[in-house]
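The sequence shown begins at 201 in the numbering used here and counts up one residue at a time.
Cβ atoms here follow ideal geometry from the backbone N, Cα and C, with glycine treated the same way.
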Amino acid sequence: MTATPNRISPVFFAHGAPTLALEDTAASRFLKSFAASQPRPKAILILSAHWETDGLKLSAPGPLRTYHDFRGFPRPLYEISYPAKADVDHVDEAARLLEAAGHDVELDSHWGLDHGAWVPLSLAYPDADIPVVAMSLPHGSTPASVYALGQALAPLKDKGVLLAGSGSTTHNLREFGPQGSPTPVWASDFDRWLDDGLKSGSIGYFDDIQSAPNFRRNHPTDEHLLPLFFAFGAGGTDAKAQLLHRSYEYGSISMSYFRFAA
């Protein structure tokens, strides 16, 4: 495929615990270096695991509130603000592309950016001076349906929009340990299985995802894995998954970052 000068390859961000925004870890250092690895986006459209809705929603144009959707964390975390704005042009274009693909879209002026969105963005683009559009994860989504959302929005990447999914490739909060704990085999094995599927380039690999090794141990619920397939679909059928960084926090929480580039 001919290179497009403005193209920015879609990515998947692991957002980990909210304290990622404060701590010095391998993952936070990677995110702080991320912007230097690619052209500056004209806008960012992000799908976070933490915004699940009935139906599909996009940020309405205007300022986006920094939503501290967690409890019991250090006070400095609640003092972080990421004052991004959704601009009219990018919201309208995303809505048009989704509607053309058969999706009903509602604009939402209340949610803003949850920690799945603002934590990685505050590390990668700390000035909050790039327009951001948040997209929700509809209830009942599957790898194939989220992949299709990415496909619908794929034209935006050729216009300089960074399409990002934010979640985690392993996410069992009942089995995390102290920071620095050894990574359990059930988590690393699942990541290897996932890597093989992404390398295959076929969303069909994930049709029977519950048959994956230790799937429910890694994902008691599905929402943190699904944003990966948004970035996968946005990359296009000719895109290859490139693992940019992987480390583990609290033992079993995989901090895996992928780019999907032709």
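Asked: Would you tell me roughly how many angstroms separate the C-alpha atoms of proline 205 and arginine 275, rounded to the nearest one?; Found: 43 Å
Asked: Measuring CA to CA, which of Ser366, Pro355, Leu245 is closest to arginine 481?; Found: For residue 481 there is no data in the structure shown, the boundaries of the chain being 201 and 462.
Asked: Does serine 400 pass the burial test, meaning 16 or more other C-beta atoms within 10 Å, or should it be called exposed?; Found: exposed
Asked: Does alanine 226 pass the burial test, meaning 16 or more other C-beta atoms within 10 Å, or should it be called exposed?; Found: exposed
Asked: Are leucine 394 and threonine 369 close, meaning C-beta to C-beta below 7 Å?; Found: yes
Asked: Would you tell me roughly how many angstroms separate the C-alpha atoms of glycine 377 and aspartate 289, rounded to the nearest one?; Found: 44 Å
Asked: Can the beta-carbon of serine 336 be found less than 7 Å from the beta-carbon of threonine 253?; Found: yes
Asked: Taking only three categories from DSSP, how would you classify leucine 363?; Found: strand
Asked: Would you check if there are 3 or more beta carbon pairs closer than 8 Å linking the region 266 to 274 to the region 215 to 225?; Found: yes
Asked: Can you give me the start and stop residues for the alpha helix (DSSP H) that tyrosine 278 sits inside?; Found: 275 to 278
Asked: Do lysine 285 and proline 263 have their beta-carbon atoms positioned less than 7 Å apart in this structure?; Found: yes
Asked: Compare the C-alpha of leucine 426 against each of Pro384, Gly451, Ala364 and name the closest.; Found: Ala364
Asked: Around the Cβ of lysine 192, are there at least 16 other Cβ atoms within 10 angstroms (buried) or fewer (exposed)?; Found: Given that the chain is displayed from residue 201 to residue 462, the structure contains no residue 192 and the question cannot be resolved.
Asked: Among the candidates Phe429, Ala462, Ile330, Asp389, whose CA atom is the shortest distance from the CA of phenylalanine 213?; Found: Phe429
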